[in-house]
Amino acid sequence: MFISQNFFLYLVFGCISSQLLGRLCILPATFLSGFFSAACAILIERPRRRAMLAGYMLNLTTDILYRMLRSRGVVRDVQHGEVVVFALSLGAYIYYARKHGYFEDPVTFVIRHLFGAEELHGTESKKTKHASVLVNGGCQDNGIEDGKDPRCNEASPVNGTARVNGSGIVDGFETRSSKETSHAKRIVHVDGKRDVNANEKSFTNEQLPTSSSQRCLAVRVLTSRHLSCQHPFGCLAQFCRNMAKFASLGWAVGFGISLLGDLKRLPGRRRPFLAHVLGSSSLRSACFLGGLTGIYKLLSCSLRWASNGQRDWHGLVAGSAAGLAAVAAPNSNASLYLLWKLIELAYLKSADENLVPKFNNAPVFLYSLCTGIMLYAAILEPHNLRPQYLKFLDDICGNLLSKMNRAPLDILGFQSSSAFPEFFPVNLDPKHVSKGYLQNVLIWS
Numbered sequence: 001m002f003i004s005q006n007f008f009l010y011l012v013f014g015c016i017s018s019q020l021l022g023r024l025c026i027l028p029a030t031f032l033s034g035f036f037s038a039a040c041a042i043l044i045e046r047p048r049r050r051a052m053l054a055g056y057m058l059n060l061t062t063d064i065l066y067r068m069l070r071s072r073g074v075v076r077d078v079q080h081g082e083v084v085v086f087a088l089s090l091g092a093y094i095y096y097a098r099k100h101g102y103f104e105d106p107v108t109f110v111i112r113h114l115f116g117a118e119e120l121h122g123t124e125s126k127k128t129k130h131a132s133v134l135v136n137g138g139c140q141d142n143g144i145e146d147g148k149d150p151r152c153n154e155a156s157p158v159n160g161t162a163r164v165n166g167s168g169i170v171d172g173f174e175t176r177s178s179k180e181t182s183h184a185k186r187i188v189h190v191d192g193k194r195d196v197n198a199n200e201k202s203f204t205n206e207q208l209p210t211s212s213s214q215r216c217l218a219v220r221v222l223t224s225r226h227l228s229c230q231h232p233f234g235c236l237a238q239f240c241r242n243m244a245k246f247a248s249l250g251w252a253v254g255f256g257i258s259l260l261g262d263l264k265r266l267p268g269r270r271r272p273f274l275a276h277v278l279g280s281s282s283l284r285s286a287c288f289l290g291g292l293t294g295i296y297k298l299l300s301c302s303l304r305w306a307s308n309g310q311r312d313w314h315g316l317v318a319g320s321a322a323g324l325a326a327v328a329a330p331n332s333n334a335s336l337y338l339l340w341k342l343i344e345l346a347y348l349k350s351a352d353e354n355l356v357p358k359f360n361n362a363p364v365f366l367y368s369l370c371t372g373i374m375l376y377a378a379i380l381e382p383h384n385l386r387p388q389y390l391k392f393l394d395d396i397c398g399n400l401l402s403k404m405n406r407a408p409l410d411i412l413g414f415q416s417s418s419a420f421p422e423f424f425p426v427n428l429d430p431k432h433v434s435k436g437y438l439q440n441v442l443i444w445s
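Following this line, the structure appears as structure tokens:
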């Protein structure tokens with residue numbers, strides 16, 4: 001109903017403009033008719049869907065305007081330009097959401113599930129008491145006084161107090177020394193042997209046998225995390241876990257899309273099953289999702305250790321670096337969508353602080369403006385539309401868009417007929433054809 005009314009009103013306004021002006025003018029018949037028809041059509045749509053439609057058309061129109069400028073030689077393609085836009089937009093979105101807050105939208109939903117809900121919270125945290133803390137490898141600052149936590153009374157390379165110097169480098173593990181614990185006995189396992197008479201004392205990697213020291217070091221590396229890290233596992237373990245999880249998910253999505261697309265082919269022309277398992281679609285999706293989450297987690301945790309806490313600018317650095325994983329599966333639609341969502345977030349937050357004016361009917365205006373530009377391009381410059389969207393428009397109007405005689409418009413320099421070069425009007429009524437066009441075009445065709 002919505003699309004039908006939009007096209008119907010477009011024809012109505014086009015005819016009205018021709019009657020009022022006495023001729024078929026390009027701008028009123030294309031852009032203005034599309035603007036007013038879209039403004040009337042979107043009013044019958046549910047209010048909660050208007051913003052989504054406006055965002056979709058804004059994304060599409062941005063691509064159309066870029067193609068129009070490119071066809072005129074104003075701009076030119078930049079290699080991996082969509083990847084750069086995606087990376088910078090992702091990093092800036094996470095930073096701005098941390099600094100000023102965020103709204104519940106699809107981008108926020110995806111970021112929370114990919115990186116964790118804590119990555120969007122306001123995180124200009126206070127500095128920790130120590131230079132750095134091995135949370136899983138030592139006593140946490142959880143309100144328990146020193147010596148009260150029974151885990152802190154065990155002197156071992158895994159359970160003990162981490163002694164950290166001012167530069168944030170872990171020197172070793174030591175236990176608490178007091179009169180009550182100076183003569184305490186404990187059991188130490190060294191290479192499978194029990195030493196029951198060992199007094200409680202400080203242990204470092206040099207005091208342990210090589211094999212035990214290596215095992216303890218491996219445990220510390222896998223289980224250690226900074227105090228400001230909110231993930232349940234160690235930083236390195238969390239990095240491996242996230243990358244493996246989302247790489248598998250990306251592979252499954254790519255495999256499913258490839259398999260479903262192959263079902264449209266005839267049985268004799270379908271690809272073998274192994275081609276879907278190791279196909280480029282599956283591997284690219286796996287590299288994109290796995291690299292996106294893995295790089296973000298690795299850099300985010302590394303920056304926490306380096307800065308001794310979590311800072312808002314960490315999201316900018318980690319998000320921008322992680323966004324470069326889009327080189328495995330570049331998509332201009334996703335890049336433009338993320339860019340406009342960033343602009344929307346910045347504008348709405350600025351409007352809440354009364355820094356810029358807020359328009360209540362902005363989605364209606366944006367949708368109308370973008371639809372007018374799109375219909376203008378569909379008539380005069382169809383070659384500047386995405387091929388899939390041009391085919392969609394041609395299908396919903398009964399293939400009439402491809403049967404429009406655009407050859408007379410080529411004199412304007414728009415190259416209007418280049419999108420459908422095989423079409424030529426052969427059944428034109430001579431009564432409605434100009435004498436010059438009849439003599440110069442139709443007779444010689």
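Quick note on numbering: the sequence shown equals residues 1 to 445 in full-length UniProt numbering. Ideal placement from N, C-alpha and C gives every residue a C-beta, glycine not left out.
query = Just how far apart, CA to CA, sit residue 276 and residue 326?
reply = 21 Å
Practice prompt. Would you mind reading off the limits of the alpha helix (DSSP H) that contains residue 61?
Written response: 47 to 71
Indicate whether residue 367 and residue 34 have their beta-carbon atoms separated by less than 8 Å. no
_Exposed unless 16 or more other CB atoms sit within 10 angstroms - verdict on residue 306_ = exposed
Where residue 318 and residue 43 are concerned, what is the direct C-alpha to C-alpha distance, given to the nearest angstrom? 42 Å
- [ ] May I ask you to verify whether the segment 254 to 267 touches the segment 232 to 242, counting CB pairs closer than 8 Å and requiring at least 3?
- [x] no
DSSP state of residue 404, grouped into three classes? coil
- Could you give the residue range of the alpha helix (DSSP H) that holds residue 83? 81 to 100
Residue 15 burial status per 10 Å Cβ neighbour count (16 or more: buried)
exposed
Quiz item: How about residue 90 and residue 409: are their beta carbons less than 8 Å apart?
Solution: no
query = So what's residue 42 in DSSP terms, helix, strand or just coil?
reply = helix
Closest by C-alpha distance to residue 60, when choosing among 378, 404, 360:
378
*Give the straight-line distance between the Cα atoms of residue 75 and residue 66, rounded to the nearest whole angstrom.*
8 Å
Q.
Rounding to the nearest angstrom, what Cα-Cα distance links residue 117 and residue 364 in this structure?
A. 32 Å
* Among the residues of its own chain, which have a CB less than 8 Å from the CB of residue 251, if the five just before and after it don't count? -> 282, 283, 285, 286
>> Here's the rule: buried if 16 or more other CB atoms are within 10 angstroms of the residue's CB, otherwise exposed. What is residue 360?
In response: exposed
**Q.** Cβ-based burial, residue 422 [other Cβ within 10 Å; buried from 16]
**A.** exposed
**Item:** Backbone CA spacing between residue 274 and residue 348 [nearest angstrom]
**Value:** 48 Å
Can you tell me which of 382, 397, 354, 329 puts its alpha carbon nearest to the alpha carbon of residue 86?
-> 329
Less than 6 Å between C-beta atoms, sequence neighbours within five positions excluded: which residues of the same chain meet that for residue 331? none
Rounded Cβ spacing between residue 36 and residue 293 (contact assumed at less than 8 Å)
Going by Cβ atoms, the distance from residue 36 to residue 293 rounds to 46 Å, so no, they are not a contact pair.
Of all the options 53, 11, 32, which has the alpha carbon lying nearest to the alpha carbon of residue 362? 53
Length of the line joining the Cα atoms of residue 121 and residue 351 | 20 Å
* **Counted within 10 angstroms of its Cβ, other Cβ atoms place residue 104 as buried (16 or more) or exposed** => exposed
* **Outcome for residue 449 when other beta-carbon atoms lying within 10 angstroms are tallied against a minimum of 16** => Absent from the structure is residue 449, since the part of the chain shown begins at 1 and ends at 445.
(Q) Can you look up residue 274 in the DSSP assignment and give me helix, strand or coil? (A) helix
Of all the options 262, 20, 39, which has the alpha carbon lying nearest to the alpha carbon of residue 2? 39
Run through DSSP, which three-state label would residue 435 get?
helix
First and last residue of the alpha helix (DSSP H) that includes residue 344?
332 to 352
- For the candidate residues 373, 356, 260, whose alpha-carbon lies nearest to that of residue 31? 373
Problem set entry | CA nearest to the CA of residue 25, picked from 425, 424, 380, 436 | 380
Which term fits residue 394, buried or exposed, when burial requires 16 or more other beta carbons within 10 angstroms of its beta carbon? buried
Mind checking residue 183: buried by the 16 CB within 10 Å criterion, or exposed? Below a pLDDT of 50, predicted positions are generally treated as unreliable, and residue 183, at 37, falls in that range; no measurement from the model is reported.
*For residue 424, count neighbouring Cβ atoms within 10 angstroms of its own Cβ and tell me buried if that reaches 16, exposed if not.*
exposed
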